[in-house]
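In the working numbering, the protein residues as written are 557 to 697.
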């Protein structure tokens, strides 16, 4: 309500980040099941729908942010999505940003963002694209 009282009409919802994936995807439920802080900190589809409907009723657009390709460590439940890091040709067990070298990455992203466009009615989705940690690709000791 405070947003509408002050004539703010866009909620930029930074819904996921490196630390947690609380959005419950209906296509990829394992993302929140394994990526959220815990099961009590997940936005269900009905939570999201209620927020969008409430915002619409008070004149506020909801634009979600799914920051990619960086800030995606919480997306680890999606197999082979993140870039594995290496040191001296050996895996370190750490991961970097979304892996652009695999076709499966693009198949997943296409399906996932189709879901997002179905769930969030606004014509915009913010993808971030900033602060990508390239150390996974640039360190070859």
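Positions of the beta carbon are idealized from the N, C-alpha and C atoms, including for glycine.
The DSSP assignment places 659-675 as complete runs of the alpha helix (DSSP H) inside the region 643-684, in order along the chain (cut-off: 4 residues).
Remark: fewer than three beta-carbon pairs, one from each stretch, lie closer than 8 Å, so the region 589-597 and the region 646-659 are not flagged as touching. Under DSSP, residue 571 shares a beta bridge with no residue. Nearest to residue 584 by alpha-carbon distance, out of 680, 593 and 670, is 670. Cβ-Cβ separation between residue 630 and residue 685: approximately 17 Å, too far for a contact (criterion under 8 Å). Taken atom to atom, the span from the alpha-carbon of residue 616 to that of residue 610 is near 8 Å. Distances from the alpha-carbon of residue 604 to those of 614, 621 and 580 put 580 closest. Annotation: residue 604 is outside any beta strand (DSSP E); the continuous alpha helix (DSSP H) that includes it extends over 601-613.
Taken atom to atom, the span from the alpha-carbon of residue 618 to that of residue 589 is near 24 Å.
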